[in-house]
Each structure stands twice: as C-alpha cells, then as structure tokens.
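Asks:
In our numbering, the protein residues as written are 20 to 1167.
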C-alpha cells in the first residue's frame, strides 16, 4: 500500500516504542526520516527510535522533529521523537560455579548429571523425562544413577528425534516427583556438575518448587562456562567439541541420552580439573578467579534491552553507555555491563526488549516469583505480536504456537502482578508489510567482520513480518487477551511511557560557531606573532595597505573567537616544519594575510608587490597604477633592485581578498585544511593529543552504508541463493529498498574533532572505534562528523605526497626547497614544450614536459596546457583553477579562447578572480563578494531571477557580456589560495625535474608510484615505448592493471630518453621501497617494484639482509618469507643469478 492508503482509524492511537532504522547495522531497512513522517501522518503523537548499539540517527531525527514542530497551531501538541537504543546487556557475574566452597578441586566427590526433557521451558510446563548421573572421585566413577520418567503426556516427535526416547519407553515409568526425590537423596550434599548447568538447574529448581522439596542449596559447577573461561582460544564449547578437545571417547549416536552424556561430561571434567590444578587453582572457589573484572564482559550472559531517554541528563548518560559499549566492552559486538546501566540510569527508561531479552528468555525456566525479581530491574516490559516470534517456531525453540502463546501470556500476567508497565511494541524493522523483502535480502548477507544474521541461520525459512502496525492491527494481534488488558498495553501504557519523556535538544544550537578550546592569552599571542613577522618583512611602521589589512582581518578573527583556531594551526605547521617537513595549505586559508604572517600558509594574499629583504621598502604601485591590476601574481613581476638600497627585491602577492576565507563580515567559521606529508600525518595527529589531551581529540567519524551497486549485487545474490528468476528492472527496484543500510563505520582521512576542556564529548556525541576495531589507535565520533561540525572544531590534518616528495628532494640535494625561484624561466618552459629537458615531444609521446609534475601531468591538464601555452605563475594558477572547477573550462573558457573572444589571461580561473575583477571595475566590495559566492556555488542557473539582478549590477560597472555569460555557466569554482599552494608545490618539484633530474626521478618513482611494470623499465627506452604502444592500441580492452602502469611507463620513457637507465634489482643493494641512485644516471629499483611482491615482504628481505647475507635461494625463501611464485619471478628476472639453490654443500 502507498503511505496515503494506510490509515490509523483508532480514536486514541498507540505509540510505537521499538523501531530499527537504516542505522541498525545490516538489519533495519527504514529510512529514519520516512519513519517519523509515517508516524506523524498516521496521527501518532510520537515514535521511538531504538537502533542496535547505535544512536546515529539522532541528529537527522532531531532536525526532522524540529521541522515538524516549527509551524504548530496554537495549542497543538508537538510531535515527539523518543530517542533510544537497543543494547546488549551483560551480567556482571559468570556462573562457572554457583555457591562456591573451599573444598579441594581434587579429592572431592562430584555428581555429574544430565536431564532429558519434554521441551526447553521449565517455567512453562515442560518436565524431565530422564535423569542420568555419575559420582566422580579422583577420576573414578564410583556410582551411577539412571532413570526414565513418565511425563504423563505424549512427546513431541522432535524430542524423540533428538533423544531417541520414545513414548513406549516412558510408559509406566515412575513420575517426575518420585524420581527427583530419589535423585536428591542419592546426590545428598555433593557438588553437582553439568554441561550448560543453567538449563538442567532450571528443571531441578522447578521440581523443588513444584513438589515443595525445600530450597536447593548445593554447589554447582557448569562445564560450559568453565570451558569458555579456561579454553579461551577455542570458539566451540559444546559437549561434542569438548570430548574431541580432551580426547574422551564419545559416540554421537548416543549423544542426548542423559546417562551417556553425564559420563562423557564427567570424563571431560576430570581432565579439566587436572589442567586447573596444573595452573595452581586448588579449591572450588578459585574457579571464580578464571574471569577478571576487566574480562567479565566477554563471558557473562547476554540479553537485549531497550533504553529510552527521558531528559537531557538521560541523553548524556545514554551517550556514555553507547561509548562504553562500543569501546571498553566491545567484544565481537558492542555490549554493556548491567552494573554500568545501574550507575547511569538517571534520566533513562529501561525496557525489556525483544525475544532476546532477559524477561523473555528467563520466563521459560523461572517460577513466577523468580521472574518477578527479574522484572523489577526494568521500567517497562515489552511484548510483541506473536507473528514477530514466528521464527522461534521454525527453529524449534518453541514446540507449538500454543506454547508460545502461553509464554507471552505468562510474561504479561507476572509483569502485571508485579505492578510493571507492560507495553505492546512492534520491534519494527521495515515500514510496511511489503517492505519485508528488503530485510530478507539484507539479513541474508554476511555481517561485516564475519558471521550471519540470526535470522539467516538454519531452520528459518521465512523471516517474521516486523512492520509498523496501526493501533487496530496491534489490538488485533493481542486478541487472546481481554479488552481492558489489550487497550492498556497497546494504547494506555504506550502513552504513559511517552508522557514521561521530554522533548530533548540533541544537537546544541551554537548559531554556527563551534565550541573551541581556550588558550591562555591567545589574542595577544596571535597579534604579537602577526605583527612581529609583518615588521620583520615590511618594516615598522607598516605600509598603510598592510596595516589596514591586518587590522581588518584581526578584528574579524578576534570578534568571531577564531584566534584559537589560527593558533592551533600555527602550532601544527611549526611542529611539522621543525621536524623537517613542509606543509601545504588547502582551501581558502591562503586568502588570510594573518595566516601568512603566522606561518600557517606560504601563500601571500596581498596584491602583487615588491619588498626589499634588506631595508624592508615595499612597492605596491608604479606611476599611480596598482601592480595588482596588471599582474595577477607577484611572482610574475619583472626583477627589480630596491630604489632605496640596491638589493634585489622579493616579488610577492597573489591578490586574494580575505572575504573568500571568512566571509565578507568575517562571520564564516574558518576551515583551515592542511596538507602534511603522508609519512608525517600520523605524527601531526598524535601531536593534537599532546596539545589538548587524549580525551579531548577524536577522529571525525563516518558511516558506510550500502551503495546502489552493492545493493544490486545483494539482490542478485539473494535471487541466486533462493533459485528465484527475476528481471533486471525488478532487481533494481528491490536494490533501491536496500540502499542506505549501515554496513560499517569509518573515519575522515584527516579530520580531528577537538572537544574543549570545559566540556565533555558526551555533550555532543558518543564515541567508538572505527569499523569496531579495538586495535585502532584512535577513537572516532559515533555521529557522522557532519552532524556536529557546527558544534565542535574540526582540524583537517590531511596526508599528501607533495610534502613527502619535497622532503626527499631536500634530503637528497641539500637544497632548501622554500628558497627555490618560483618564476625560473627554464622551469616555465616545460608547460609549453619538453625541449628544455633535452628531448622532443615525439621521443616522450607528450606535448609538454610536465609528465610527473603534480597537478599538471594528467592527460586532461596536458591538453589544457597545449591549448593555452602558459608562461607565468598567474597563468598556471588559472590552469589549476580551471582544471578543478566544474563547467569552467569545458564549454566555457575553452570556447572563449578558441573563438578569439578573449585572451587566456582574461578568462575566469578561480573564484577570487571574480571579486577582484569586479572591484577593479568599480563595484562595491560587498556586491562583488555576493556575486562571487553566487557564481562559485553554481547558483546562476538555479536561481535565474536573482541572477538577473546580479547581471544588471555587473553591466552597470561595464562588465563585458562574454564575462557575464561565462559566470552564468559555472557550477563550481576552485579557491585561488588552494590553487596557489598547489602551483607553488608543483613548481618546486618541477625545478628539480629541470635542474636536478636524478633527484627528481628517484623521489618521484619512490613516493608517487605504486604500480610498476619493472621489466621493460630495466630493458630501456625501446622496450618501454613498445609496451606503452601495445597498451594504447588495446583501447577499451586494456586491463585495469595495464592502465595503472601507463603513467609510470610514460615517465620512465621520458627518463630513459634523457639518458637515465634502470638497473636490475639487486639482492644485496636494493632498498625495500625507494629507488637508489647508483650514479648520476642510474636508478636502482626497490624490491616492491617486483609484480606481486608487497611492501611487507620487501621490508622483510632488507631486514633479514642486515642480519647477514643470503646464502642460497632456500635461505632467502625461509628467512624473508618469500613465496615460491615470487622466487620464480625473481629467478626469471635474473635477480637470483649466482645464488646457490640450497644451503647443502656438495662434495662433488
């Protein structure tokens, strides 16, 4: 049915208190917003969200709730989202031994026993049909007890199938009371032992209650729990697994007969006792020491519980619980100790949950009195429609629908007698009945990390329908109850729970300004740092233009409270620089002159100008004309000697307004993205822990969901498994219903979230490990970082190859890369032709010399270079902007140049160009800023009415029509500061390519190349060229592997054309990962260039070589763990020539 066809016609409608959305990992198939809209449309006053171990929908649903409640009529009741989660609770004790004593482990009489029963439900009418037991003393069986019991009913065929006990065998045998009394007399005060004692004890204790036999008080040892805690390296702990592990003879055909199982358990138990005594455990109470408090969560009994948040205190406590469950107590899956819930339950409502709940499970084996004690822990007790438990009938957990019905009735009856609030919930996993198929597909997939969903396991042919039920549907589901009770649990009590809960602010409203750490005297420190550097470059007093710019920027930065963000960035960059690694800036931070003066970015955003390094004299205009109006970059100014002292002047300035970084009124939160060397990035991340403390920094969390292609594969695989033939269109339809489901979690590649020390992470989000990996060095935010980016400061500490390449070039050459002339005329030539490299285009199969130059070596950009022939830094900036924008070059600037409408220097390259150009034409800065922002976001085509207004403003200041039309086409524009940082880095690397090529090729092949075809590289120019042509001739038939090596082969072709050669890999000299210079023209490749040989093996070869030379192929293979396939590869390449095959010395 369509949403609008489903109606809830009840006068007073129920509230659903148990739902699972996309964020229940590989389980729920409901879009969170759709759930809230659906409940609201039905006329429900609220809906609860209880995803498994997750609150990741909270931000989205909080905003959805805000939207719904925005336009309420006077007196209209606001809609409530009831925020909660379903968690796995662990008992704080493991019952290896019940009522421990100080008896010796050895020299004690044990009674090892086993029951066979009519079913699993001791508390619901099932009874014992066989008792088998042995007395064990020092490994010897000294007595036996074995009796069958007539239960007075016919056995379910399944029980006969499992136990081989038939109705005929039981007919005329004594009843349960007689046998149990004899058994109790027989075992006396002995210590009892059973495998999965919890089950057998439930029947024994129930017999004590039924027949008024007093209180059972013997010590009991459970070999199942003993095995789990003693043999922790094993996954299986069934009796069948234990007899194999302890080498006890066992016939599977006789398994599940009580006497046989009791004897096998006794033999296993004795061997366990010997193992325990060898480990210095002496008395029975010592068994409790097998589990430390730190490990209790790995062994305790697990139950599902639901938690709903009542108020703000509860929200914070739930965040603490979610954090603990996903970190401290994470073991295979997130879990939480009962004691932690007790500590943190203020502001929370604890519900009993689903069929995996303590109440549901224990009701099967407990008396009413015992069940009442369990119920007391909970604020409300849940029951679901019998349909929701249908899989328990299929799996044989319940023998019949009647047994299941009586079980649910017992829970309701005992809960009501105990005064508990009982509510009917849907345990909703899909919105509508027909959506069940989406969940079918999802639960049949493997869970990330391994394993299957419980509903995909054997015996379950069809999963239950767990759709969102209307009030009448839910009432009908409980038609076996009287009218009053039905109404109470479906409607009245769900409202009672809802009314206990406040509307909660989940995401703090910071008005767009995040909470930032506080640093002592941060304002004064920033000012001092900025003016000290400015004075050192431009003198004191500063030129008026600079003074005004700094004053204006600092005013906005300090007013917004952003001084700390600048200071943090400065500390990070300085630390990297001090450790020998240059840092590149990203985004618009280079538009801030304060950032330049603090050393955060090398980009200087002032208009083009000269400044004297000696006397500090600066020149911003000549003959009354601003240099910035003529030159878009200061690096393009002609050389000039200082008119005051004759010193050669520095040329600086990229002409970028501060507004592009912080907004026109300095009201944008600064986004300072920094490119650290990939090999240094982790150290920069760790440094944030030093700056703020480990508990105050987290990696920015991300959530990985099922994508379209993956969903299509899921549906296809599901159809194949089930033998269903389905058309492609239908597969696509079903795939659509599976997309968006959470698969895993991850982390932003460089994002670090900083929590100020005057707040806690729980004020904003829980935390967890990325992808549930407890070995991770970092914890991440549980919420996707986008949800809280307006609340907390995010540092973007990214990893990039360029700083790593520059570090290697600096180390190899001894040249300070920051001192390289960025307007070197020879370097500029490579952007038009390769001739300055001493080669022709024909030789290297490329029109330019920019192969391997970052940002300028791709086929697309080389095409742009060929068309534009840039000769200046400013033009390279423009190329960088054009290549990163959308609809800026293709169909726009490219056509303008081709049709001679304007010159290349006049086209729009970066977003800043628009604002600067409009201001030079006389437009008011604020208007120029607004137009730039409008254009760079691609709004001209989305909002034509507004664009008409802006067009008129542009015409008023004389902007040409082609320029206006170009702006209209743009969808996205790159920031000039980002382009400037990239181009500076590219030119430094290109300088080495032109002037010190041996270092350039060594660094490039070592750091930027990951896929190699090393054999033709070793053979030389002709072999390389032949392979390139063969791959190109294949066109679309070329494999991904072939395409991956093309760039490396092109650069190797260029290197060999310039006279360089690649030596063969040398077992004694090659490095693991880096190319080594053997002489000015010979490069020695590392081991990782061998196809199929990974970095780990490469490093292992070098590590072992340091310990001593390899004596033979056998020695190499053994010590360095090199596979036979790789040995053959190395042999075919001649790397093993001269190396003996084995260590055996031949006498002949």
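For each residue, glycine too, the CB sits at the ideal point set by N, CA and C.
Going by DSSP in three states, residue 134 sits in which element: helix, strand or coil?
Replies: If DSSP states are grouped into helix, strand and coil, residue 134 belongs with the strands.
Asks: Tell me where the beta strand (DSSP E) around residue 325 begins and ends.
Replies: Taken as a continuous stretch (DSSP letters only), the beta strand (DSSP E) holding residue 325 covers 321-328.
Asks: What number of angstroms, rounded off, separates the C-alpha of residue 224 from the C-alpha of residue 235?
Replies: Answer to the nearest angstrom: the Cα atoms are 7 Å apart.
Asks: Starting from residue 609, trace the alpha helix (DSSP H) in both directions and tell me its first and last residue.
Replies: Here residue 609 belongs to no alpha helix (DSSP H), and DSSP marks it neither H nor E.
Asks: Is residue 122 helix, strand or coil by DSSP?
Replies: Reduced to three states, the DSSP call for residue 122 is coil.
Asks: My output table needs one value for residue 656: the three-state DSSP class, helix, strand or coil.
Replies: Residue 656: coil per DSSP, three-state reduction.
Asks: Helix, strand or coil for residue 615? Go by DSSP, reduced to three states.
Replies: Note: residue 615 maps to helix in three-state DSSP.
Asks: Going by alpha carbons, who is nearest to residue 41 out of 29, 982 and 76?
Replies: When each option's Cα is compared against that of residue 41, the closest is 76.
Asks: Using DSSP with H/G/I as helix, E/B as strand and the rest coil, what is residue 164?
Replies: DSSP places residue 164 in strand when its eight states are reduced to three.
Asks: Going by CA-CA distance only, name the one from 821, 449 and 889 that's closest to residue 693.
Replies: Measuring from the Cα of residue 693, the nearest candidate turns out to be 821.
Asks: Does the stretch 853-861 come close enough to the stretch 1074-1087 that 3 or more CB-CB pairs lie under 8 Å?
Replies: Touching, per the Cβ criterion.
Asks: Count the other CB atoms, across all protein chains shown, that sit within 10 Å of the CB of residue 1097; report buried if there are 16 or more and exposed otherwise.
Replies: Residue 1097 comes out exposed.
Asks: Classify residue 96 as buried or exposed, calling it buried when 16 or more other Cβ atoms lie within 10 Å of its own Cβ.
Replies: Exposed is the call here.
Asks: Comparing C-alpha positions only, which one of 453, 399, 588 and 413 sits nearest to residue 508?
Replies: The shortest Cα separation from residue 508 among 453, 399, 588 and 413 belongs to 399.
Asks: Given this structure, state the Cα-to-Cα distance separating residue 1044 from residue 1013, to the nearest angstrom.
Replies: Whole-angstrom Cα-Cα distance: 22 Å.
Asks: Check whether the stretch 681-690 and the stretch 1006-1021 touch, using three or more Cβ-Cβ pairs below 8 Å as the test.
Replies: Contact between the stretch 681-690 and the stretch 1006-1021 is absent, because fewer than three Cβ pairs lie under 8 Å.
Asks: Hey, is the stretch 629-640 in contact with the stretch 874-888, meaning 3+ C-beta pairs nearer than 8 Å?
Replies: Short answer: they don't touch.
Asks: Go ahead and label residue 917 buried or exposed: buried means 16 or more other beta carbons lie within 10 angstroms of its beta carbon, across all protein chains shown.
Replies: Classification for residue 917: exposed.
Asks: Of the residues 466, 406 and 49, which one's Cα is nearest the Cα of residue 5?
Replies: Outside the shown range of the chain, which is 20 to 1167, sits residue 5, and nothing can be said about it.
Asks: My output table needs one value for residue 1137: the three-state DSSP class, helix, strand or coil.
Replies: Reduced to three states, the DSSP call for residue 1137 is helix.
Asks: According to DSSP, simplified to helix, strand and coil, what is residue 250?
Replies: Here residue 250 sits in coil by DSSP.
Asks: By how many angstroms is the C-alpha of residue 337 removed from the C-alpha of residue 798?
Replies: Going by the C-alpha atoms only, they are around 18 Å apart.
Asks: What whole-angstrom Cβ distance do residue 383 and residue 141 have, given they're in contact under 8 Å?
Replies: That belief holds up - the Cβ atoms of residue 383 and residue 141 are roughly 7 Å apart, short of 8 Å.
Asks: Is it true that the CB of residue 315 sits closer than 8 Å to the CB of residue 356?
Replies: Closer than 8 Å, so yes.
Asks: Does DSSP put residue 1081 in a helix, in a strand, or in coil?
Replies: If DSSP states are grouped into helix, strand and coil, residue 1081 belongs with the strands.
Asks: Going by beta carbon distance, what residues of the same chain come within less than 6 Å of residue 1166, once the five residues before and after it are set aside?
Replies: Reliability of the predicted coordinates at residue 1166 is poor, the pLDDT of 41 falling under 50, and no value is obtained from them.
Asks: Inspect the beta-carbon positions of residue 627 and residue 643 and report whether they are closer than 8 Å.
Replies: Cβ distance not < 8 Å, so residue 627 and residue 643 don't count as in contact.
Asks: In chain order, what residues of the same chain have a beta carbon less than 7 Å from the beta carbon of residue 841, not counting five sequence neighbours either side?
Replies: 654, 892, 1003 and 1006, listed in sequence order.
Asks: So, is residue 253 buried or exposed, given that buried needs 16 or more other C-beta atoms within 10 angstroms?
Replies: Exposed, by the Cβ-count rule.
Asks: Quick check: what's the CA-CA separation for residue 111 versus residue 319?
Replies: Straight-line Cα distance between these residues: approximately 6 Å.
Asks: Can you have a look at residue 664 and say buried or exposed, based on whether 16 or more other CB atoms are within 10 angstroms of its CB?
Replies: The residue in question, residue 664, is exposed, as its Cβ has fewer than 16 Cβ neighbours within 10 Å.
Asks: Within 10 Å of its beta-carbon, does residue 825 have 16 or more other beta-carbons around it, so buried, or fewer, so exposed?
Replies: Flag for residue 825 reads buried.
Asks: Shortest alpha-carbon distance to residue 861 belongs to which of 749, 1048, 895 and 748?
Replies: The candidate whose alpha carbon is nearest that of residue 861 is 1048.
Asks: Could you tell me which of 327, 868 and 171 sits nearest to residue 849, measuring between CA atoms?
Replies: Checking every option, the nearest Cα to that of residue 849 belongs to 868.
Asks: In the DSSP assignment, find the alpha helix (DSSP H) that holds residue 629 and state where it starts and stops.
Replies: Note, residue 629: premise wrong, no alpha helix (DSSP H); beta strand (DSSP E) at 628-630.
Asks: Pick out the complete alpha helix (DSSP H) segments inside the stretch 470-506, 4 residues or longer, and give them in chain order.
Replies: Counting whole runs of 4 or more residues, the stretch 470-506 contains the alpha helix (DSSP H) stretches 490-496 and 502-506.
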